[in-house]
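Structure record follows, encoded as structure tokens.
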Amino acid sequence: MRFPTQKEPKIVYGGDYNPEQWEESTWEEDMRLLKLAGVDILTLNVFSWASLQKNDEVYDFSRLDRIMELVKKHGFFVCLATSTGAHPAWMARKYPDILRTDFEGRKRKFGSRHNSCPNSPTYRKYSVLLAGKLAERYKTYDNITAWHISNEYGGACYCENCEKAFRVWLKKKYKTIEEVNRVWDTAFWGHTFYDFDEIVVPNLLSEHYSENGTAFQGISLDYARFNSDSILECYKLEYDAIKKYTKEIPITTNLMGFYKPLDYQKWARSMDFVSWDSYPYAGEDPAQIAMKHDLMRGLKDGQSFALMEQTPSVTNWQTYNAIKRPNVMRLQSYQAVAHGADTVMFFQMKRSIGSCEKFHGAIIDHVGHEHTRVFQECKRLGQELFQLGGETLSAVTKSKVAIIFDWDNWWAVEYSTGPCNQLRYYDEVFLYYKALHEQNISVDFVSVESDLSNYSLVVAPLLYMVKEGFDQKLKEFVKNGGTLVVSFFSGIVDEHDLVTIGGYPGKLKELLGIWVEEIDGLISGDENSFEFLGKQYPAKLLCDIMHTIQAKAISFYQKDFYKNTPVITKNSYEKGSAYYIGTRSNPAFYHAFFENLCRELDISPTALTSDHVEAVRRVKGDKEFLFLLNHSKQEERFFIQFKTYNENIGKEAVNMLTKEKMPIETTITLAPNDVLIVKINS
Amino acid sequence: MRFPTQKEPKIVYGGDYNPEQWEESTWEEDMRLLKLAGVDILTLNVFSWASLQKNDEVYDFSRLDRIMELVKKHGFFVCLATSTGAHPAWMARKYPDILRTDFEGRKRKFGSRHNSCPNSPTYRKYSVLLAGKLAERYKTYDNITAWHISNEYGGACYCENCEKAFRVWLKKKYKTIEEVNRVWDTAFWGHTFYDFDEIVVPNLLSEHYSENGTAFQGISLDYARFNSDSILECYKLEYDAIKKYTKEIPITTNLMGFYKPLDYQKWARSMDFVSWDSYPYAGEDPAQIAMKHDLMRGLKDGQSFALMEQTPSVTNWQTYNAIKRPNVMRLQSYQAVAHGADTVMFFQMKRSIGSCEKFHGAIIDHVGHEHTRVFQECKRLGQELFQLGGETLSAVTKSKVAIIFDWDNWWAVEYSTGPCNQLRYYDEVFLYYKALHEQNISVDFVSVESDLSNYSLVVAPLLYMVKEGFDQKLKEFVKNGGTLVVSFFSGIVDEHDLVTIGGYPGKLKELLGIWVEEIDGLISGDENSFEFLGKQYPAKLLCDIMHTIQAKAISFYQKDFYKNTPVITKNSYEKGSAYYIGTRSNPAFYHAFFENLCRELDISPTALTSDHVEAVRRVKGDKEFLFLLNHSKQEERFFIQFKTYNENIGKEAVNMLTKEKMPIETTITLAPNDVLIVKINS
Amino acid sequence: MRFPTQKEPKIVYGGDYNPEQWEESTWEEDMRLLKLAGVDILTLNVFSWASLQKNDEVYDFSRLDRIMELVKKHGFFVCLATSTGAHPAWMARKYPDILRTDFEGRKRKFGSRHNSCPNSPTYRKYSVLLAGKLAERYKTYDNITAWHISNEYGGACYCENCEKAFRVWLKKKYKTIEEVNRVWDTAFWGHTFYDFDEIVVPNLLSEHYSENGTAFQGISLDYARFNSDSILECYKLEYDAIKKYTKEIPITTNLMGFYKPLDYQKWARSMDFVSWDSYPYAGEDPAQIAMKHDLMRGLKDGQSFALMEQTPSVTNWQTYNAIKRPNVMRLQSYQAVAHGADTVMFFQMKRSIGSCEKFHGAIIDHVGHEHTRVFQECKRLGQELFQLGGETLSAVTKSKVAIIFDWDNWWAVEYSTGPCNQLRYYDEVFLYYKALHEQNISVDFVSVESDLSNYSLVVAPLLYMVKEGFDQKLKEFVKNGGTLVVSFFSGIVDEHDLVTIGGYPGKLKELLGIWVEEIDGLISGDENSFEFLGKQYPAKLLCDIMHTIQAKAISFYQKDFYKNTPVITKNSYEKGSAYYIGTRSNPAFYHAFFENLCRELDISPTALTSDHVEAVRRVKGDKEFLFLLNHSKQEERFFIQFKTYNENIGKEAVNMLTKEKMPIETTITLAPNDVLIVKINS
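Pasting the structure below:
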């Protein structure tokens, strides 16, 4: 985000505002209420395409002009959206190519949102035109702090235009049809192609029998890539159109955490900053929310991000929509900031009265005044953010631990038919993340393209696909003293989902020093077991049956015909070590494993707290910001020493919300859902 | 129903008879068996369109002529159907416009029944032509007691003809596209329309993601209305064609209880009398069956109705088809009569030998003779009905309690995305109904257009939608001394599903004297609790968090952050009172609540009986008919005083089946599934 | 299978080999490994159509030529497939008629396999052309032991070509549209047809509301027959094309056990021998596997069959894919041989590296060498099979008990709407089979066309449909001294699914000596009970309520209003007896029932063993081969006398794998999963 020069930087506060849904006469009262709540930024124009463009020729920006003037007059920043998240009805009628065809091959009609075919010539033409016109028209508004292209991009299309574009994409990638045949292994089931035009989109009418079930992983995997690229291309075309007019205003689009259809790591390269929408369900594990923030922060190598949307109180689209308990909204806002957010924004400023989101929470409720619990909580947080000021902005997170996350791997491992169709990449990653998070060990999410050299420990759960060169990168990392942890079902395939022959884990065999001979899929309910540091843990889902080569077995199966064969191994490899965990265990195991390993590797927690109190740190120069977040329903009390990232005792500690100095060693009492933010000078 | 002048009126007995499925040589034996069973009415010609009309030009009524003569000769009444419940195969082939397009957008082919598009020009043309021809041809048959148009109308169509007709319907209703945009709130998600032709049908290809899940409630709601109207229009066109020839014969179509797709309250205005098909599943709560009868009776303001179909023994289309235990068919027949039926009719007289209903029960089973348990039970009831005679015909039900039921509200509340997608209107209504029914409190079902002035107590469960003027009607009712009970999630929207701003429960705020600030959706399994008259009850699903304004809180939540805030309130409003129940509780609570309230309001049970014995009254002049129905598997024994509706001791009591006089105070013993019908003279 | 004259017959060992998926440079190593494993037969060319035929004109057999030469040089037999199990992509693009339309009416695109419309002119033309070309080209290879047409035929098509062909099929079968109307009972729901062209395919767009749910059983039943016939016709056309060139080589296609869509009893008439693919899931009841083998053996009246596919270790397509425990593959291989297999073959020789089957087991794993558990187990079995030699080939099974199985009945009983949609023919049959199998009673599966005269006991579970003349056959069987056991819901309909009127069980009424008046469908969880030989057993799902006529009731219901009415009856009918079991009970009952009955009928077990040890016999001249298979995880120990089929003490007993003589009476110890094969000379 940029901060216009006349404004003091702080964590901006606000969110989606849709005055176009209301009589103009109500706007001034909205302004009063929003200022009262401490709001300083408004996301405008998210869904106005149909009203801005009346037909092929005629555009009408008059109402948006009035809105822009209104909010400028009242001193609000603007995050200006391009409105291309839903196309106009008239356009769908006149140019049906803009409509998607779904996974079942059904041509859709006008309706809902996220509804445009990414390869529609009409969509590309008119979305880019609109983005350019908006940029040209409003370029002089210095209260625009960011552009917001479209909204929550997603989904997929399987229409004829996409089919043709897919062939072009393939031709560009593979050059010859022979190479396509090779990488898709089309000799299997006689799928040999002689011409790119013989290739059809993989959906329920062709290769698929379910969303994840496909006869040809290679085709489906490439289509996932192609679809992500196609939608990204739409984004980039708007991006370029805007940059022509406003080079200095950063551009983003709001992402959605672990959203499988779009390769956000690739997308982030084309985004000036990352922004995302956080909608935890009631009772969601705070570690899950934290993990999503960490993934988002990792998309641009640790650069701070925008929390673009969250609900002030309640969602409407879940089966059961519980309201956020008192202080939970504040707690989750600070959790976002702790993990790297530089904004606290909401969907939405004011509840709509019609359509499907009318029961979604907002600062201004249907009652229309400020005398609600939710408004008051929003207002209190708004005031606090003014007090907090801009110190935390752009502060970074420092971690000694990285988890590898890779979208291609996600797609590939879940398209796999066998050894177990219940394998879910997200679930495996979360088991590893949570074990670290609950010990307050800071974790970065990195991609296979990231620099690993600054980490002590790299964790690669379910690294089924090892892309060209990534095995080398891991070897370098370990050679130089790093510690690597890899889970079962890793090292199986290359980037085309073709198995690396010569024994699993393929290209990781040497580094891990093992050979996995067989993979046993355990029937739901069955389990094996193993001992680790004197305790017994279960082995579930998949059990790799393996042989050590150079590695040393450190734990063994206790049952079945592979009793006493290794389940966890450690391979010393030059200056470092590589661990292999050959099965899925339970959270207690991962906790014990990382507790022990981090102790060995001298990786310290951000802070020692009582259970349920999350400790997160951001660093900026010689200032460190320690966030202590009480996620429990009880008051928590614990002793703490305010140390720096480098484990030195801090020189000074200040409670950032009260501005009071704190003792460097002290006992802290945190009310349920309460937050303490301490600035530590190093 | 009309009774030809030469016949003594009685509860007619019979049902669907399909001789066209059999060799003519078998017909005479059928006549013998049906007379033996005491049958006096036959529903004919339900599915014969294809055989009556051979192509565009040629009709052949010869077989129907023979059937009409046959049954006339044997002295049967006829309920004559128009056969338009399934169109001919040749017509589907020649005029595909008659075929429906389903919710997924798939054009259907010929098959099954209820298969005609209601906006098909072909269907309308030929169905009306057939109805007219039938009326003209058989108008002189004075044994026709009623016309039966089509059969179990239902379903929906989403074809292009419907799409066009929908636009016409909208134009007629809203006049301008601007008004459509307003009532559908199309500024949301950029759905602004410029032309009616941009509007497409709302289904899985456009606004919907599931049957109830829609992005635009307004569109979906109007389509539900349009679909109900379209089908009703088909009915009315046939109705008019028939009336041209037989003004005096009443016309009906068989309804199906709580059938959501058709607004039966609107339909009933075009029906000379209501008839319906009652198919309780095995073990269904007798209160549910009773509730359906009461809904049906309420459609025409308490006018008696026809039980058009029930099975004598077994259905075939349920997962598990249990046979009705001995005497259950009789019990359920009298339950229908008790709640307002003037007929006892079956599907069917004789089991078919092919197709999907061949295992559906009938008076004449596949064995073909009378020596079956089922035949003998039918015969016994047939004889009893002759004994019973015509005294109960047209007798009415008197109730001091009314429950509001509204189809628009049903559609709207279940289309709502949030606060809980598990909300079901039927379930909420049943909780309230059952609490009254199990105390033998007589209940009328009324619509929002009904006159409420004769009731002491009006109950409006889940009155989410408050239509124009209905808040005024409720206020008048309470002002004049009535008592109103409203549940949570009420008063939220107007007839367009647009939220009434200014605080929930919107237009009911003043009457109820409360402000509901928030609605908490409880995760499945979670519950809060409250105390009522010294007992604790659960609060589930949704918890309204509210403030009393003029109302007095009479119960409070016991947990969570809204502990000690009101959950049940009572507002004294001029001469009456308005209660608000801010959550869903369990059956025991509703029982206690209404027990207490009815005592206060002096609303007495129809009779005091032991549990499981239902007491229902019909009144005609100075005669009252008290039905005592034992739904338990045990013998029931209880003391009773035969009082009148006005709580006076009756002058005389007669067992209507034995014709024996009974003491005015007596102890009654009822065998399992047995029935006692007592005539009380007032 | 034929054995080329220069080779000694033995159980051939091998399976699917797809060298076309690999570089040619790897082929020689494959040869070494396969010979090392003891493989002697390779199934080739299963999925190569696209590579063999490049366009309408150009065929290229050069690679297949090299493969054929390679395997010939190395002395392998060949089972040569025609490759028509998946059509080429170019063909689908050029001739879309080859693509299927699915049950929902969706035209499919190119993808997956089993993808050709059986009535596609293109498919028929080019598949037959290819089969002929292959036969002509390779006819001189005397190592071809069998032709393998297509692969695992299955599925169904609902396209316009099929619709037209269906009408032709109907016209041929029924001659007139009046007869179609009669057998489909179209008077019901007004479905009268005037022209064959009015008939449309029965699917989700017409008569069906689910796979089994149909409004017109007659149409759906005929379509099932038509679809099976259509696919069979494709097979037969290829068959004829091959026979032109290689009269002496037997032809087969690989079946799939209880595969409902294809009437294998009809198919088998056109197969020179039966072959099938056995894929038990982990933990599958050995009795189920045995039952499938017995069904397959019965298809050609007991002629031995080929085990065409099984996995050496693991499948990939199940939810959880457990590996076969040590020795289980060997155990299951011998189980197949015990039940009539003359081959032991695998899918597959070598794991592919791409697409959906890359995690399916193979003899040669991804590691590429022989040092795996699986390879070693395969090798050990390969060696054993050489030792075993050819003695068991063509040996037959002798059974005194037959179970009737009929595909038309399967379709009809599961299309039935009522009395219970949870009825499954397979499940009912298995209950009866298992009771016999677990007592080591040998069972043949026979069709309604089979000769029953050699059996003592015939069991007909759920014989809902009694085809023309089959009641006579059963009567003859019983008259001549046979014993018949029939279950509930039998004798209901004729071959058109039209009910036989006059009382259930229709045409079996006289033979069974009973009249079933009503059928009670029990709600899930409900049960009745009855006593048999002093023990109580449950009655579930359906309870027939019946009257004995000539039969004698031998057990009675214990509850409900039909308490003390018969549930099991026995009718003495001339020299034999006919039992009727009027409900579904539990496995313990069926065990007790058949234990008692077999004792009465002097039907002896194949051998008395401990539980979990299956005993199966094959007979060839005066040699008998007794297979003792330990399916338990424990060592089993039991005393045995080696008797012949005729209950005589054998003259000599030899352990066929060790060639050692064994005492005629002895105690046997079998390790878990171990097998003993004893040759007994009579």
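Protein chains in written order, with this note's numbering: chain A, 1 to 682; chain B, 1 to 682; chain C, 1 to 682. Just so you know, even glycine gets a beta-carbon here, dropped at the ideal spot from N, CA and C.
(request) Could you name the residues of chain C that Glu20 of chain B contacts, counting a contact when the two beta carbons are closer than 8 Å? (result) Ala187
(request) Kindly indicate if chain A contains any beta-carbon less than 8 Å away from that of Asn316 of chain C. (result) Among the residues facing chain A, Asn316 of chain C is included, as its CB has a counterpart in that chain under 8 Å away.
(request) Count the CB pairs spanning the region 371-381 of chain B and the region 412-422 of chain B that are closer than 8 Å, and state whether there are at least three. (result) no
(request) Report the rounded CA-to-CA distance for Phe196 of chain B versus Gly75 of chain A, giving the unit in angstroms. (result) 40 Å
(message) Distance check for Ser604 of chain B and Glu647 of chain B, CA to CA, integer angstroms please.
(response) 8 Å
(message) Between which two residues does the beta strand (DSSP E) holding Gly382 of chain B run?
(response) For Gly382 of chain B, there is no enclosing beta strand (DSSP E); the residue is found in the alpha helix (DSSP H) stretching over Arg373 to Leu388.
(request) Specify the secondary structure class of His293 of chain B as computed by DSSP and reduced to three states. (result) helix
(request) Verify the CB distance criterion: does Ile149 of chain C have a CB-CB separation below 8 Å to chain A? (result) It does not: the Cβ of Ile149 of chain C has no partner Cβ on chain A nearer than 8 Å.
(message) Any C-beta of chain C within less than 9 Å: which residues of the region 501-513 of chain A qualify?
(response) Ile501, Gly502, Gly503, Tyr504 and Gly506
(request) State yes or no: is the C-beta of Glu600 of chain B nearer than 7 Å to some heavy atom of the ligand ADP? (result) Judged by which ligands are present, the structure shown has none, so any question about the ligand ADP falls away.
(request) With a 10 Å radius around its C-beta and 16 neighbouring C-beta atoms as the bar for buried, classify Lys575 of chain C as buried or exposed. (result) exposed
(request) Check the DSSP bridge columns for Ile364 of chain B and list the partner residues they point to. (result) B:Lys350
(message) As a quick exercise: from A:Lys94, A:Leu70 and A:Gln383, pick the residue whose alpha carbon is nearest that of Glu24 of chain A.
(response) A:Leu70
(request) May I have the straight-line CA-CA distance separating Glu284 of chain A from Gln641 of chain A, to the nearest angstrom? (result) 30 Å
(request) For Phe359 of chain C, return the contacting residues in chain B, with the cut-off set at a CB-CB distance below 7 Å. (result) Here the premise fails: no neighbours, minimum Cβ distance about 34 Å.
(request) State the CB to CB distance for the pair Tyr239 of chain C and Ile251 of chain C, rounded to an integer number of angstroms; the pair is presumed to be in contact (CB under 8 Å). (result) 5 Å
(request) Output the distance between the C-alpha atoms of Thr186 of chain B and Gly85 of chain A, rounded to the nearest integer angstrom. (result) 15 Å
(request) Quick one: list the residues of chain B neighbouring His191 of chain C, beta-carbon separation under 7 Å, in chain order. (result) Ala50 and Ala89
(request) Taking C-beta pairs closer than 7 Å, name the residues in chain A that Glu207 of chain B reaches, listed in chain order. (result) Gly111 and Ser112
(message) Please return the same chain residues whose Cβ sits closer than 7 Å to the Cβ of Asp272 of chain A, not counting the five positions on each side in sequence.
(response) Pro250, Ile251 and Thr252
(message) Please state whether the Cβ-Cβ distance between Cys117 of chain C and Cys162 of chain C is less than 8 Å.
(response) yes
(message) To the nearest angstrom, how far is the alpha carbon of Lys661 of chain C from that of Ile677 of chain C?
(response) 12 Å
(request) Taking C-beta pairs closer than 7 Å, name the residues in chain B that Phe47 of chain C reaches, listed in chain order. (result) Neighbours of Phe47 of chain C in chain B, taken as residues whose beta carbon is under 7 Å from its own, are absent, since the nearest beta carbon is some 33 Å off.
(message) Quick check on the burial criterion: 16 or more other C-beta atoms within 10 angstroms. Buried or exposed for His369 of chain C?
(response) exposed
(message) In this structure, how does DSSP classify Pro121 of chain A when only helix, strand and coil are distinguished?
(response) helix
(message) Determine, for Tyr194 of chain A, whether the minimum Cβ-Cβ distance to residues of chain C falls below 8 Å.
(response) yes
(message) Just to confirm before moving on: does the CB-CB distance between Ala615 of chain B and Asn327 of chain B stay below 8 Å?
(response) no
(message) Does Thr609 of chain C pass the burial test, meaning 16 or more other C-beta atoms within 10 Å, or should it be called exposed?
(response) buried
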